[in-house]
Amino acid sequence: MSDQKCAKLVDFGLAKLLKLDQTRTYTGLRGTWGYVAPEWHRNVPITVKTNVYSFGVVRCVNMDILEDQVILENWVYHCLEADELDKLVKDEDVDKNELQMMVKVGLWCIQDELAFRPSMKKIILMLEGTDN
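Each residue of the sequence shown is one higher than the one before, counting from 1 in UniProt numbering.
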């Protein structure tokens, strides 16, 4: 994260190449623990949805979160449910609809269950505003 609160993304991804017909693999964990999907801790095959989880964490981290908010996703979800999204950002000029969409995308991406996470294609469409 830069000083200007911009996420610096190089790669969330797998550190090994997959064959064209290969959709999952086993590999060693690399990366920051807080950004890795729950399946890393369950010793199950890693899929593209693992990257989706990491993207969701980055979406949530790219908000102004108080240090005493221990469980990030719980706090972000509470702010969404309580219609208190203004607690997530310091900038008063933020578009509330855009912020709500970003929060929903981020929370959708960090679902524990792989099947409930969107594809990166779906995320892009949502962020572009071409898919709800």
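By construction, the Cβ of each residue, glycine as well, lies at the ideal position given by its N, Cα and C atoms. Computed from a predicted model, the values in this text were never measured in an experiment.
Helix, strand or coil for Ile-110? Go by DSSP, reduced to three states.
Coil at Ile-110, not helix or strand.
Give the range of the alpha helix (DSSP H) segment to which Val-76 is assigned.
Start and end: 72 to 81.
Less than 8 Å between C-beta atoms, sequence neighbours within five positions excluded: which residues of the same chain meet that for Leu-80?
Result list for Leu-80: Gln-100, Val-103, Lys-104 and Leu-107, in chain order.
Could you compute how far the alpha carbon of Ala-82 sits from the alpha carbon of Trp-75?
Distance between the alpha carbons of Ala-82 and Trp-75 is about 10 Å.
Among Glu-73, Lys-96 and Met-120, whose alpha-carbon lies nearest the alpha-carbon of Val-52?
For Val-52, the nearest C-alpha among the options comes from Met-120.
In whole angstroms, what separates the C-alpha of Ile-46 from that of Leu-114?
Cα to Cα, the separation comes out at about 10 Å.
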